[in-house]
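J.: Encoded as structure tokens, here's the structure I'll be asking about.
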């Protein structure tokens, strides 16, 4: 089994549409069938530095079957292993590090598609006396004394390629955030035009838009859109609205000639009959 573990090229659970298990998961299942002791796992798997995937397999098996005290005692020293490992996700490949994989084993409930047993918190084990003291990170003193950017900048000056790569990534992320903030500012100014000194919701230090003003402008535009949809949403006229509109029409809106014509006069009815193509009425009073 140890020789088979040395041929591993990646870690992972299942992949593909048929959920085909990886070789890493198959060897983990084989370990569960054999049920080796904790001492064998420590000697043949976790203490192996030449094969990183053998160490990852032993850590995964110890997390599945070990006691909480053994898990914290033997997995926390692996935080110092920064080697890269390949992880096969269900639909893609990912590049991780060994310390990131160990951290996921200690903090997450599902790793490689397998639900892990519940792990008691480290602080509880310390209070009960099963562990001596809390775990301290080797970078804890450095982070307390200096900021992370100062530490990276110092490592870049020392010639560390990993620190230079991380520094460039952080700078690119800052540029992207600034571009996004500029786009938001332009969009807000198009909705509510104003001068640069009176920009609504913009801070002078980092050009950030306050959520209250931005949400107010969006709600105002949405209300205008709803009003427009309400006016032109139906193809048929509402009889109630049409009757109310007709009731609002007064004599002042009518032409000046129509106000002078008497509907009971003979001239009015002769005009109406002429429009319909009928003969005029006979004037019996003149006869």
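Residue numbers (the working numbering): 489 to 775. For glycine and all other residues, C-beta sits at the position ideal for the given N, C-alpha and C.
1) In whole angstroms, what separates the C-alpha of residue 649 from that of residue 572?
2) Starting from the C-beta of residue 613, find all residues in its chain whose C-beta is less than 8 Å away, skip the five residues before and the five after it, and write them out in chain order.
3) Less than 8 Å between the beta carbons of residue 547 and residue 602, yes or no?
4) In three-state terms, what does DSSP make of residue 585?
5) Can you list, in chain order, the residues of its chain with a C-beta nearer than 8 Å to that of residue 592? Leave out the 5 residues immediately preceding and following it.
6) With DSSP run on the structure shown, which of helix, strand or coil describes residue 644?
7) Where does the unbroken beta strand (DSSP E) through residue 567 begin, and where does it stop?
8) Could you compute how far the alpha carbon of residue 564 sits from the alpha carbon of residue 530?
9) Does residue 519 pass the burial test, meaning 16 or more other C-beta atoms within 10 Å, or should it be called exposed?
10) Using 8 Å for Cβ pairs, my map puts residue 643 next to residue 651. What's the rounded Cβ distance?
11) Just verifying my parser: in three-state terms, what is the DSSP assignment at residue 508?
12) In terms of DSSP beta bridges, what is residue 574 paired with?
T.: In brief:
1) As a position in the chain shown, residue 649 is number 161, starting the count at 1. As a position in the chain shown, residue 572 is number 84, starting the count at 1. The alpha-carbon atoms of residue 649 and residue 572 are separated by roughly 15 Å.
2) Position 125 of the chain shown, counting from 1, holds the residue named residue 613. Correct list, in chain order: 556, 557, 560, 619.
3) Along the chain shown, one-based indexing puts residue 547 at 59. Along the chain shown, one-based indexing puts residue 602 at 114. No, the Cβ-Cβ distance between residue 547 and residue 602 is not below 8 Å.
4) Counting from one through the chain shown, the residue named residue 585 turns up at place 97. Note: residue 585 maps to strand in three-state DSSP.
5) Here the question's residue 592 lines up with position 104 in the chain shown. If we look at residue 592 and ignore the five residues flanking it on each side, its Cβ neighbours are 599.
6) Taking the first residue of the chain shown as 1, we reach residue 644 at position 156. Helix.
7) As a working mapping, residue 567 is identified with position 79 in the chain shown. Note, residue 567: premise wrong, no beta strand (DSSP E); not H, not E.
8) Translated into positions along the chain shown, residue 564 becomes position 76. Translated into positions along the chain shown, residue 530 becomes position 42. Their backbone Cα atoms lie some 13 Å apart in a straight line.
9) Taking the first residue of the chain shown as position 1, residue 519 is located at position 31. Answer is buried; the Cβ neighbour count reaches 16.
10) Position 155 of the chain shown, counted from the start, is the residue given in the question as residue 643. Position 163 of the chain shown, counted from the start, is the residue given in the question as residue 651. 3 Å between Cβ atoms; contact.
11) To locate residue 508, count along the chain shown from 1; it is residue 20. Three-state DSSP puts residue 508 in a strand.
12) One-based indexing of the chain shown puts residue 574 at position 86. For residue 574, which the question treats as bridged, DSSP gives the partners 583.
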